[in-house]
Amino acid sequence: MFKLFCIIIKLMIKDKEIKKKKLLYRLKYRGIKELDILFERFAFKYFNNINDKDLEELNSLLELKDQDLLDFILNKKELPSNLKNKTFYRLQSFK
């Protein structure tokens, strides 16, 4: 029983690492250079300690068009309620 538990934990960790690698690739190649730089620095600082919820929130931000995301970050457009989360505000205040 303990071996099965250990195998499941290892698979969960491996799955999270795969998700992080895919997300990291998407972070680095956005299209707008300013976002590429922002996301790359953000990932460098926060990626080692990111949890599953933060990964999902970050992934939802990456689904946005570059210009919309930049406008939200710069407060040029009102942020939709579904994006009002810790990860967005951390990204927005990141320097």
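Quick note: the sequence shown, position 46, residue 423 per our numbering, numbers continuous.
The C-beta atom is built at its ideal place from N, Cα and C for all residues, glycine as well.
None of the values given here were measured: they were computed from a predicted structure.
Judged by DSSP secondary structure, L451 falls outside any alpha helix (DSSP H); it is assigned neither H nor E. In the three-state scheme derived from DSSP, where H, G and I count as helix and E and B as strand, F471 is classed as coil. Residue environment analysis places F416 among the buried positions, since at least 16 neighbouring C-beta atoms fall within 10 angstroms of its C-beta.
At the C-beta level, E434 and N459 stay beyond 8 Å of one another. With fewer than 16 other Cβ atoms from the protein chains shown falling within 10 Å of its own Cβ, I395 counts as exposed.
With a cutoff of 8 Å on beta-carbon distance, L446 and L404 are scored as not near each other. Relative to the Cα of K410, the nearest Cα in the group D443, L432 and L438 belongs to D443.
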